[in-house]
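If you're matching them up, the sequences are chains A and B in order. All residue numbers for the first sequence refer to the working numbering, where the first residue is 0 and numbers rise by one. All residue numbers for the second sequence refer to the working numbering, where the first residue is 0 and numbers rise by one. Written below as structure tokens is the structure these notes are about.
Protein chains: 2
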Amino acid sequence: MNLSIGLIGGTGDEGRGLALRWAMAGARVTLGSRTLERAAEASEEINKLLDEPRVTPALNRDAVRGSSLVLLTVPFDHAAATLESLREDFEPGSVLIDITVPVSFDKGRASYVEPPEGSASEHLQKLLPSGVSLVAAFKTEPAHLMLDPEARLDCDTFVSSDSKEARDRVIEAIRSIEGLRPVDAGPLHNCRTIERMTVLMIGLNRRYKVRTGRFRVLGLEQPQAG
Amino acid sequence: MNLSIGLIGGTGDEGRGLALRWAMAGARVTLGSRTLERAAEASEEINKLLDEPRVTPALNRDAVRGSSLVLLTVPFDHAAATLESLREDFEPGSVLIDITVPVSFDKGRASYVEPPEGSASEHLQKLLPSGVSLVAAFKTEPAHLMLDPEARLDCDTFVSSDSKEARDRVIEAIRSIEGLRPVDAGPLHNCRTIERMTVLMIGLNRRYKVRTGRFRVLGLEQPQAG
């Protein structure tokens, strides 16, 4: 495989988990951060879990510049400012994968914070330079599992975008990640549902006292001719 | 089992599917409609699929009066008017299970029609007489599968209510339906997510050219000590 993945703000749980899973899939991963030092720490942590080092630390702008797929893995509250600061670094034709979900917590209870555009992904899409496509994915998987190289993911990830071409490209790339099935979730406005599903899952995890809750869609296969 | 289930407006696909599955679970089912004739037709259709007849036709008001759990299975657009007309028939302490989802279609594409209260269930809860609890459930399962007695459901149903007691009662009852696992989805505001998930699934079914798409939540079991 000849896939290069860049992470913007890849030092958090979500970013490190995705860096690990893409590296396990054989991709070349550039883990970006605002400081090279933090990027280096996180990259080292992930590389230790791999047979061979595949994760390279970088400043965010260099993670954007050199990668065929760029993942935005900062918390939603920092997403807009981060994207604004990197506008010049995206090459036309590149694809940004947005994993953010706007959540607020009150006494441990999560609530969805609806952006004016209807969803985080629709909000962020507006901030991208023209020629850059936004694809929403990886919104509902538990970071806890992603970070454990021994854990089977065994779930689905919902992939949506207003660009069918970019969506298909991301779906194809995700197929290389073991145990994670990309589900074609259509246009970006479906993120209004998918982002809320993350919040629902936070509640389920809390109610069932687990950290491993995740979605699987059954019955998407064509019925076999009988 | 000593469970009596009443369906308000049980002649549609959803109502008949639920009548069948509850009857297969051993419940006594009263299938209500605005006319006894239509209720009788639908009941006969379901009884033919069963080893012994368990479904009795009735007017809606009689389905409400005689049942320990009442299901509202009319389309959302008729739900409020239907409930209003039956206000006097609910006994205090009874439980209404709301399965409605407000959807509009444009050229085959489904959109969620958000009620002012945030969800259909929150909207309808306001219309109930005091002492009657509303529980949302059965919002995401494919009617197509429910109606086929040979089909394995093999999926989850999300159960939410602001009354923990009513929610637990419904969860316990649903456990008698084979292949359908009730998931405790917390307070009623989570219907804002669950109802949108129905619309997402309509889109997935369309995109994947199936009618069997349904949700399963993985990872809710406590990890085994070990």
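Glycine included, C-beta positions come from ideal geometry on N, C-alpha and C.
Distance between beta carbons of residue j and residue i, contact taken as under 8 Å
{"i": "Y111(B)", "j": "E164(B)", "result": "With 8 Å as the limit, Y111(B) and E164(B) do not qualify as a contact, their Cβ atoms being about 29 Å apart."}
{"i": "L179(A)", "j": "T156(A)", "result": "6 Å"}
{"i": "I4(A)", "j": "T81(A)", "result": "Actually they do not touch by this definition, with Cβ atoms about 17 Å apart."}
{"i": "S93(B)", "j": "V69(B)", "result": "6 Å"}
{"i": "K138(B)", "j": "T192(B)", "result": "Going by Cβ atoms, the distance from K138(B) to T192(B) rounds to 10 Å, so no, they are not a contact pair."}
{"i": "L19(A)", "j": "M145(A)", "result": "7 Å"}
{"i": "I98(B)", "j": "L71(B)", "result": "7 Å"}
{"i": "D153(A)", "j": "L217(B)", "result": "6 Å"}
{"i": "R210(B)", "j": "H143(B)", "result": "4 Å"}
{"i": "P128(A)", "j": "R86(A)", "result": "5 Å"}
{"i": "A136(B)", "j": "V100(B)", "result": "Their Cβ separation, rounded to whole angstroms, is 12 Å, which puts A136(B) and V100(B) out of contact at 8 Å."}
Where residue i falls, given that 16 or more other Cβ within 10 Å makes a residue buried
{"i": "D88(B)", "result": "buried"}
{"i": "P52(A)", "result": "exposed"}
{"i": "S84(B)", "result": "exposed"}
{"i": "D76(B)", "result": "exposed"}
{"i": "P141(B)", "result": "buried"}
{"i": "R108(B)", "result": "exposed"}
{"i": "D50(A)", "result": "exposed"}
{"i": "R213(B)", "result": "buried"}
{"i": "P222(B)", "result": "exposed"}
{"i": "S118(B)", "result": "buried"}
{"i": "P148(A)", "result": "exposed"}
{"i": "S120(B)", "result": "buried"}
{"i": "E13(B)", "result": "buried"}
{"i": "G130(A)", "result": "exposed"}
Through-space distance from residue j to residue i, alpha-carbon basis
{"i": "P181(A)", "j": "D167(A)", "result": "10 Å"}
{"i": "G31(A)", "j": "G9(A)", "result": "6 Å"}
{"i": "E171(A)", "j": "A150(A)", "result": "22 Å"}
{"i": "G225(A)", "j": "R205(B)", "result": "In this prediction, G225(A) has a pLDDT of 48, which is less than 50 and means its spatial position is unreliable; what the coordinates show is noted afterwards. One C-alpha to the other measures close to 21 Å."}
{"i": "R215(A)", "j": "R15(B)", "result": "26 Å"}
{"i": "N189(A)", "j": "S159(A)", "result": "7 Å"}
{"i": "G185(B)", "j": "L48(B)", "result": "34 Å"}
{"i": "W21(B)", "j": "I45(B)", "result": "11 Å"}
{"i": "P91(B)", "j": "E220(A)", "result": "45 Å"}
{"i": "R27(A)", "j": "L95(A)", "result": "16 Å"}
{"i": "D183(B)", "j": "D105(A)", "result": "20 Å"}
{"i": "M23(A)", "j": "S67(B)", "result": "53 Å"}
Within-8 Å CB hit, residue i to chain B
{"i": "C154(A)", "result": "yes"}
{"i": "K125(A)", "result": "no"}
{"i": "R269(A)", "result": "Residue 269(A) falls outside the range modelled here, since chain A spans only 0 to 225, and no answer is possible."}
{"i": "R174(A)", "result": "no"}
{"i": "A163(A)", "result": "A quick correction: the sequence has Lys, not Ala, at residue 163(A). Chain B contact via Cβ: absent."}
{"i": "T211(A)", "result": "yes"}
{"i": "R206(A)", "result": "yes"}
{"i": "G225(A)", "result": "Because G225(A) carries a pLDDT of 48, less than 50, the predicted location of this residue cannot be relied on, and no value is offered for it."}
{"i": "G202(A)", "result": "yes"}
{"i": "R168(A)", "result": "no"}
{"i": "G16(A)", "result": "no"}
{"i": "V182(A)", "result": "yes"}
{"i": "R64(A)", "result": "no"}
{"i": "R33(A)", "result": "no"}
{"i": "R27(A)", "result": "no"}
Residue i at chain A interface by Cβ criterion, 8 Å
{"i": "F214(B)", "result": "yes"}
{"i": "L179(B)", "result": "no"}
{"i": "G218(B)", "result": "yes"}
{"i": "N59(B)", "result": "no"}
{"i": "L146(B)", "result": "no"}
{"i": "K106(B)", "result": "no"}
{"i": "V158(B)", "result": "no"}
{"i": "L70(B)", "result": "no"}
{"i": "E116(B)", "result": "no"}
{"i": "V198(B)", "result": "yes"}
{"i": "R20(B)", "result": "no"}
{"i": "V131(B)", "result": "no"}
8 Å Cβ cutoff, residue i in contact with chain C
{"i": "G185(A)", "result": "Checking the listed chains, one finds no chain C in this structure; the protein chains it contains are A and B."}
Cβ neighbours of residue i in the same chain (closer than 6 Å, five flanking residues each side left out)
{"i": "Q124(A)", "result": "L133"}
{"i": "A39(B)", "result": "P56"}
{"i": "N116(A)", "result": "Asn is not the amino acid found at residue 116(A); the sequence shown has Glu there. Within the same chain, E116(A) has close Cβ partners H122."}
{"i": "S162(A)", "result": "S132"}
{"i": "V54(A)", "result": "A18, A22, V28, L30, S42, I45, N46"}
Own chain partners of residue i with C-beta closer than 7 Å, once the 5 adjacent residues on each side are dropped
{"i": "R174(B)", "result": "P181"}
{"i": "R33(A)", "result": "N59"}
{"i": "S103(B)", "result": "S110, V112"}
{"i": "G65(A)", "result": "S3, G5, T29"}
{"i": "K208(B)", "result": "none"}
{"i": "G202(A)", "result": "A109"}
{"i": "V306(B)", "result": "Only positions 0 to 225 of chain B appear in the structure, and residue 306(B) is not among them; the question remains open."}
Close Cβ partners of residue i (< 8 Å) along its chain, the five nearest in sequence each way excluded
{"i": "L35(B)", "result": "P56, A57, L58"}
{"i": "A79(A)", "result": "H122, L123, L126"}
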